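Enquirer:
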Amino acid sequence: MLTKSINFQVRAVTTPEDRETFLDVPAKIYANNRYWIPPIRSSIAKEFTSDYPFSQYGKLQQFVALSQDTENPQPLGRIVAAVNQRLIEREGESIGLIGYFECVPDFEVAQALLTSASEWLREQGMTRVRGPIDLSTHNRCFFLVDGFDSPPLVMMPYNPPYYPEFIERDGWHKAKDAYAYDFPLDKPLPKEFEKAHRVACKSGVNFRPLRTKGEGFEKDAIAIYHIFTRAFAHSWSSTPRSEAEFLEEAKELQSIVDPDVFPIAEYNGEMIGFFMGLPDYNIPLKHVNGKLNWLGILKFLWYRRQIDQGRVITICSLPEYRLKMVPLALIYLGMQGGIQKGKPYKRAELSWVYEDNYPSRKLIEAAGGKIYKTYRIYEKAL
1 MLTKSINFQV
11 RAVTTPEDRE
21 TFLDVPAKIY
31 ANNRYWIPPI
41 RSSIAKEFTS
51 DYPFSQYGKL
61 QQFVALSQDT
71 ENPQPLGRIV
81 AAVNQRLIER
91 EGESIGLIGY
101 FECVPDFEVA
111 QALLTSASEW
121 LREQGMTRVR
131 GPIDLSTHNR
141 CFFLVDGFDS
151 PPLVMMPYNP
161 PYYPEFIERD
171 GWHKAKDAYA
181 YDFPLDKPLP
191 KEFEKAHRVA
201 CKSGVNFRPL
211 RTKGEGFEKD
221 AIAIYHIFTR
231 AFAHSWSSTP
241 RSEAEFLEEA
251 KELQSIVDPD
261 VFPIAEYNGE
271 MIGFFMGLPD
281 YNIPLKHVNG
291 KLNWLGILKF
301 LWYRRQIDQG
311 RVITICSLPE
321 YRLKMVPLAL
331 IYLGMQGGIQ
341 KGKPYKRAEL
351 SWVYEDNYPS
361 RKLIEAAGGK
371 IYKTYRIYEK
381 AL
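The letter at position 144 of the sequence shown is residue 144 when you use UniProt numbering, and the numbering goes up by one with no holes.
1) So who's on the other strand from Met-271, going by DSSP bridges?
2) Check for me: the beta strand (DSSP E) holding Ser-67 runs from which residue to which?
3) Please classify Phe-143: does DSSP put it in a helix, a strand, or coil?
4) Assign Lys-370 to one of three DSSP states: helix, strand, or coil.
5) Return the residue from the list Val-129, Lys-219, Glu-194 that minimises the CA-CA distance to Ala-175.
6) For Phe-101, which option in Leu-278, Pro-73, Leu-23 has the closest C-alpha, if you only look at C-alpha atoms?
7) Three or more beta-carbon pairs under 8 Å between the stretch 116–126 and the stretch 158–169, yes or no?
8) Which of the three DSSP states is assigned to Trp-120 in this structure?
9) Going along the chain, which residues of its own chain have a beta-carbon closer than 6 Å to the beta-carbon of Leu-114, five neighbours each way excluded?
10) On the three-state DSSP scale, how would you describe Pro-344?
11) For Tyr-358, count neighbouring Cβ atoms within 10 angstroms of its own Cβ and tell me buried if that reaches 16, exposed if not.
12) What's the C-alpha gap between Pro-160 and Thr-374?
13) Run through DSSP, which three-state label would Ser-360 get?
14) Identify, in the order they occur along the chain, each residue of the same chain with its Cβ nearer than 7 Å to the Cβ of Ala-45, setting aside the five sequence neighbours on each side.
15) Might you give, ordered along the chain, the residues of its own chain that have their beta carbon closer than 8 Å to the beta carbon of residue 412, omitting 5 neighbours on each side?
16) By the three-class DSSP mapping on this structure, what secondary structure does Ala-81 have?
17) Is Ala-178 helix, strand or coil by DSSP?
18) Give the DSSP-derived three-state secondary structure of Trp-302 in the structure shown.
19) Is the Cβ-Cβ distance between Gln-254 and Thr-212 less than 8 Å?
20) For Ala-31 and Asn-282, what's the separation of their Cα atoms in angstroms?
21) In whole angstroms, what is the alpha-carbon distance linking Phe-107 and Asn-72?
22) Using the Cα positions of Gly-216 and Arg-230, report the straight-line distance between them to the nearest angstrom.
23) Would the stretch 229–246 count as touching the stretch 285–296 if we require 3 or more Cβ pairs under 8 Å?
24) Please classify Lys-286: does DSSP put it in a helix, a strand, or coil?
25) Report the three-state DSSP secondary structure of Arg-128 (helix, strand or coil).
26) Could you tell me which residues DSSP pairs with Ala-12 in its beta bridges?
27) Helix, strand or coil: how does DSSP classify Arg-34 here?
28) Taking the alpha-carbon of Pro-39 as reference, which of Val-326, Leu-153, Glu-379, Phe-275 has the nearest alpha-carbon?
29) When you compare each of Ala-348, Gln-340, Ile-371 to Tyr-354 by their alpha carbons, which one comes out closest?
30) Look at the alpha carbon of Leu-210 and the alpha carbon of Asp-220, and state the distance between them as a whole number of angstroms.
31) Mapping DSSP to helix, strand and coil, what is Leu-382?
32) In this structure, does DSSP put Met-276 in helix, strand or coil?
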């Protein structure tokens, strides 16, 4: 149920106190939501610092909505307007972004936040606005529009059902949907996947786990970067990352990788594909309340033992090796790695997959995946 209209103001974030308030908003919005996973507060704060890579090719403005209570104003919402120059150069259009959106269930507050962000983008010369995208699709993006009855897996978003209602009521329209597929691990893959693995091996393709330590990890991460950049060069609304940016992100995930669900494909000693699976670390993160201090780390280590599911982020193969059945072989190896003796995984989520990515959707559905969550990015002319 929506709240009654309240007195409030929206203001640009300019002071250290404002920045703390901005970071406080989600905890208020999701105080009674059992599915929300608090993000690591320090990680979000880092994205607004001058040494964060985005500052080299973009600019942004944070906004917060506050109740007009002179004694104790309460945070009611937040939003960020951003200009990503790489996206503008890639798409050839002055497209601005909105992201980090959170809001109490009051449409007037939501509309004021969206208006403030749109006006700032218009002042920067933008003619269209797209979102939610937190600076780039490599961070966080999408509103969840269907599938609110379960928590998000690692690195996936969650929001109240009224967010899509509010943004559509403000005149935004769907730009593109994406799906998350549920994949129970209690049934074997169709025989075609094992056959594909045999065909790939006979064609000279070798498979091995991702290396997770030292120089081996860095070499694998660099190879993955070049394959990923080439394979997804034309992905919608995506912007290129530098090798340094990619390595920084990879190192943040290094300690949580399970190499048994991260197989690598090689041909003549060169990496040609990979299956990127990660354990669902949202399960322990739910208990640390967004803070990895000493107590948060202890809780994380304790609750990580409850992880019983994983997320498949990417199944990637260079185009010229798809006829060698490399994508199907990678799925076979990744899923087999997850169900081998001693592994805790009972299900996997394959996400996210754009609605018009028919080759990937066909592959996932042939393997037994079923759509169980739908996400959406919106647009609006300025």
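Even glycine gets a Cβ: it sits at the ideal position worked out from N, Cα and C.
From a predicted model like this one, the values you see are computed outputs, not experimental measurements.
Expert: Judging by the given coordinates:
1) Per DSSP, Glu-266.
2) Annotation for Ser-67: the continuous beta strand (DSSP E) segment containing it runs 58–67.
3) strand
4) DSSP, reduced to helix, strand and coil, places Lys-370 within a strand of the structure shown.
5) Val-129
6) Leu-23
7) no
8) helix
9) Asp-170
10) DSSP places Pro-344 outside both helix and strand once states are collapsed to three, so it counts as coil.
11) exposed
12) 13 Å
13) helix
14) Leu-23
15) The requested residue 412 is not part of the displayed model; the chain covers only 1 to 382.
16) strand
17) DSSP places Ala-178 in strand when its eight states are reduced to three.
18) In the structure shown, Trp-302 sits in a helix (DSSP, three-state: H, G or I).
19) yes
20) 17 Å
21) 22 Å
22) C-alpha of Gly-216 to C-alpha of Arg-230: approximately 21 Å in a straight line.
23) no
24) coil
25) strand
26) Phe-63
27) coil
28) Leu-153
29) Checking every option, the nearest Cα to that of Tyr-354 belongs to Ile-371.
30) Their backbone Cα atoms lie some 7 Å apart in a straight line.
31) DSSP places Leu-382 in the coil class of the three-state scheme, outside both helix and strand.
32) Strand.
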